[in-house]
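Residue numbers (the numbering used here), protein chains in the order written: chain A, 1 to 312; chain B, 313 to 728; chain C, 729 to 1006. Every residue gets a Cβ at the ideal spot worked out from N, C-alpha and C, and that includes glycine.
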């Protein structure tokens, strides 16, 4: 067979690689480069007339981590984001697992109806979800009062979205409400792909439903659970829309709902009369990238290797 | 397969060819979506009566994204000819970057007071880059029906103001003050900047902060924070989650008696409220005799330095400095007051009420914008935080004053 | 004994599932229900269905008169469909090359492209905005499309290449023996076989693009170029006293996605559970 230069491989690969590299990879690298500069916010030229930007090395990072003007917001947003993530892992994943476990039960009726309906919120726009819940929880409309009033618990109602102590949890719960369908579906797929023989063997051995679940099903779907965790991690550190829709860019009250995404937007874009600071914004973005990357690497190396993959 | 592909590509390219601009057309960039009707149906036709061969197109973008979006457009060279400008630094930045043309020598600029021009001039006042278009004022709207029902009269002093609030609260049927703290800009702008001028004596206080003669830790500012802290006693349950639109709804549905307001609300309220409402000026401090009103330079208009039709754009700008535009604007968009010195007839009764205060009170602009707004974070944002904190009760008045002062001392020489 | 306990199990499971389903659907019900009421009725009787007195289309009418929903819809639909077209085309081409041909750097390239699945494209916003500025693509639908293609390619390529690895070799060899060149092989034989994963790629591409707020907010906020989500968000930001109009606009923004989802849910769920995601 004559060896022609495999042009076709290049043709097939080129469009995707080109667009991906120019619009995704290059901007990421360039953002990291921009984070090494500082910029005059009023648009005046720098003293050394290098234009509006001047190189300052890692100074921005130092400021971000240690200089009060920035570091307070950074550590606050980071702390909030970690808390946001932990809430998701500890509430969203178990609920998804529970529902998936129920749905994977062979004898259950109406399975596909439940599946379709429970997954529905995940398809909705986050912005719409944010607005709906903002309205539902608005003290003016009084829905929580009416609902809890039915069981006589209306005194428990607070303006949760407006109080520093409860705002972040409330927003997290709204996000969890929306996205439970995703772990549910992934876990369901994993559970359903466990071969019948294993489950039948367990039943023959007299294993109860609960026992079967914990000793057999759970370990077999650990890889999926791991995948779900890292997807949640990346998604949570990317979160922006929900806070923007519910609390606008100030992420109040007193920045208690500020996440890395909203902090980035505020820094880079400015808001109302606060001028935007693109170089500092680039720093925040690069730092967020680093945080996400660390998480992904931990997952890939520590988690993926350790979990035994069962072949069947 | 290939046919489909290529026809798709052709279609694609065709749809995205940029539409050429017509010559003699002036495009105005703005965030005022609300006014689009006023511009398209009244203002532009009036201009065209005098200048029929210049086409004007009014193009609006989302308010929250306006600064950033117009900045990007100017940088990319595809912004319109005329740019609606927010006051002070955000627009100064555009001028410094060379994207706005200098308007020195434009006919009609002598009609404006210096305070108005400052909002769109360089610090040393040597260059002006925006024609002042409108200001907004602050005061308190009130539900006339509720006041009549409860036998209340319009308060003039602070103690009268709190007496009225107490009476409404005691009656129990209505919420005394329709405002919340969820939207921090609202409580800061309609609270702090509303009654504030009466505390810092208007321009004297504002300039005092500029020169460093006054500090936020001075007694009168601490008192101001204390007074604001009292407002939460009169707000609705759950006010911490009450947003600006919630407040608007609360008032227009007739469930609240008083609404700390900006004059821009006149138009929306007249459409949504089915009761009679009017406004009263911010109450004067007990024992004082002078009153001060916040009359804030809010909207200006400048010219793109790379405008496609600069000559026609300038014609329009000069027309804007005249009385005809002022009268149309003031009446079509009640609550926005033209900034120049022509006297014009305004029809809306509530707008007239706002204007009448300027006869007896001195005016000033909000104290956090001119020059002192430049820090990171800027003073305005810090005020949003501390004012809402004081009202919520999570920040003490003294702490609030100290934080505001510290944010200035951080970077502003006169306060160091 | 066994029947009783399994029935009990069944009842408990149904109870839990029904409760959770209600929790999922209640907000949607509240929204759509109240979009058909007058403003006063929304406040006074939020939970009940509209009756003769309270039924009102005022919200929808007000919304239609104020905003050009048609334009938003067109923009969103245009961007979403064109994006999907190119993601499928370029993604399939790249996935084909990666899965079919052995060449040096195949694995590296695969990893390079898969990198984008984990890393959010938003992080490059500062530079993307500058890039778009210099390409004159700010406030254009083209700019949005290009970004969305870049954003959706990694996952699409991954899904498609996993699927392509399973294609039977005999079919390909037979075609080659018949003298079919690689391009014809790809476009005429392989592409038509890709219907199953197309649905998955379709949903995973279209839904995030339709629902996206960030890029329209940053790159295309001018009137005339806004998408449904952005336009609706802006509308709510401005005309917020009209709760009935807000409910109407939210409902209207929600309907296309819900309809789309309900039509394709069976295929979507089937393709996810058949192991396209491992």
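- Chain C has a Cβ within less than 8 Å of the Cβ of residue 34 of chain A.
- Chain A has a Cβ within less than 8 Å of the Cβ of residue 824 of chain C.
- Per DSSP, the unbroken beta strand (DSSP E) holding residue 341 of chain B starts and ends at 337-342.
- CA-to-CA, the gap between residue 605 of chain B and residue 667 of chain B works out to about 10 Å.
- Excluding residues up to 5 positions away in sequence, 365, 366, 367, 621, 624 lie with their Cβ nearer than 8 Å to the Cβ of residue 336 of chain B in the same chain.
- Residue 387 of chain B has a beta carbon lying within less than 8 Å of a beta carbon in chain C.
- At least 8 Å separates the CB of residue 554 of chain B from every CB of chain C.
- If you check the CB distance, residue 637 of chain B and residue 338 of chain B do not come in under 8 Å.
- In this structure residue 256 of chain A touches residue 168 of chain A by the C-beta definition: roughly 5 Å separates them, less than 8 Å.
- Listed in chain order, the alpha helix (DSSP H) runs fully inside the region 933-966 of chain C are 942-947, 956-966, counting runs of at least 4 residues.
- By the 16-neighbour rule on beta-carbons within 10 angstroms, residue 787 of chain C is buried.
- Taking the C-beta atoms as reference points, residue 411 of chain B is found no nearer than 8 Å to residue 372 of chain B.
- If one requires a minimum length of 4 residues, the alpha helix (DSSP H) runs lying completely within the region 381-433 of chain B are 401-408, 426-430, in chain order.
- In the three-state scheme derived from DSSP, where H, G and I count as helix and E and B as strand, residue 124 of chain A is classed as coil.
- Taking a C-beta distance under 8 Å as the contact criterion, residue 212 of chain A and residue 202 of chain A qualify as a contact pair.
- Closer than 7 Å at the C-beta level to chain A, one finds these residues of the region 797-823 of chain C: 818, 819, 821, 822.
- Where residue 84 of chain A is concerned, the enclosing alpha helix (DSSP H) starts and stops at 68-87.
- Contact fails between the region 701-719 of chain B and the region 557-566 of chain B, because fewer than three Cβ pairs, one in each stretch, are under 8 Å apart.
- When the five nearest sequence neighbours on each side are left out, the beta carbons in the same chain lying within less than 6 Å of the beta carbon of residue 295 of chain A are those of 233, in order along the chain.
- Using a CB distance cut-off of 8 Å, residue 14 of chain A does not count as an interface residue toward chain B.
- For residue 857 of chain C, the C-beta contacts it makes with chain B under 8 Å involve 384, in order along the chain.
- Per DSSP, residue 569 of chain B is one residue of the beta strand (DSSP E) stretching across 568-574.
- When the beta-carbon positions are compared, residue 537 of chain B and residue 712 of chain B come within less than 8 Å of each other.
- One alpha carbon belongs to residue 447 of chain B, the other to residue 942 of chain C, and they sit about 32 Å apart.
- Going by DSSP, residue 455 of chain B is part of the beta strand (DSSP E) stretching over 443-455.
- Close partners of residue 269 of chain A in chain B (Cβ separation under 7 Å): 380.
- The beta carbon of residue 164 of chain A sits closer than 8 Å to some beta carbon of chain B.
- Counted as a single uninterrupted DSSP element, the beta strand (DSSP E) harbouring residue 615 of chain B occupies residues 604-615.
- Interface criterion not met: the Cβ of residue 489 of chain B is under 8 Å from no Cβ in chain C.
- Residue 506 of chain B is outside the set of residues whose beta carbon lies under 8 Å from a beta carbon in chain C.
- The DSSP-derived three-state label of residue 920 of chain C is helix.
- Inclusion of residue 975 of chain C and residue 759 of chain C in the CB contact set at 8 Å is warranted, their separation being smaller than that value.
- At a cut-off of 8 Å between beta carbons, residue 337 of chain B makes no contact with chain C.
- As DSSP reads the structure, residue 367 of chain B sits in a beta bridge with B/337.
- Proximity to residue 575 of chain B across B/653, B/454, B/706, B/687 peaks at B/454, based on C-alpha coordinates.
- Pairing residue 709 of chain B with residue 695 of chain B, the inter-Cα distance amounts to about 12 Å.
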